[in-house]
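In the numbering used here, the protein residues as written are 93 to 183. Inspection log for the structure reproduced underneath, given as structure tokens.
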């Protein structure tokens with residue numbers, strides 16, 4: 093029997109994979125995954141600096157820059173999306 097944590101991790105991977113397909117940029121898959129992972133972590137501030145610190149402790153500065161670029165250079169975000177993907181996020 094699979095644990096609740098295992099099912100949640102699998103569902104998270106499926107969700108992030110779906111988001112990666114929506115944005116259509118393979119080079120943004122890692123920053124997207126890190127950003128989503130950081131949002132799920134128990135940090136009080138959800139800005140890119142604390143997210144970088146919890147997703148890449150050994151390379152916080154580089155991850156911070158990567159996440160800033162990912163969030164700041166997001167023309168793919170507005171107006172694109174998958175209703176099915178968005179509804180699965182609300183489950």
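All C-beta atoms in this analysis are idealised placements derived from N, C-alpha and C, irrespective of residue type, glycine included.
- The three-state reading of DSSP puts residue 165 in coil, since its state is none of H, G, I, E or B.
- In summary, residue 120 is buried, with 16 or more beta-carbon neighbours lying within 10 Å of its beta-carbon over all protein chains present.
- Boundaries of the alpha helix (DSSP H) around residue 130: 121-132.
- The beta carbon of residue 130 is closer than 7 Å to those of 143, 146 and 147 in its chain, skipping five residues each way along the sequence.
- Going by DSSP, residue 140 is part of the alpha helix (DSSP H) stretching over 140-147.
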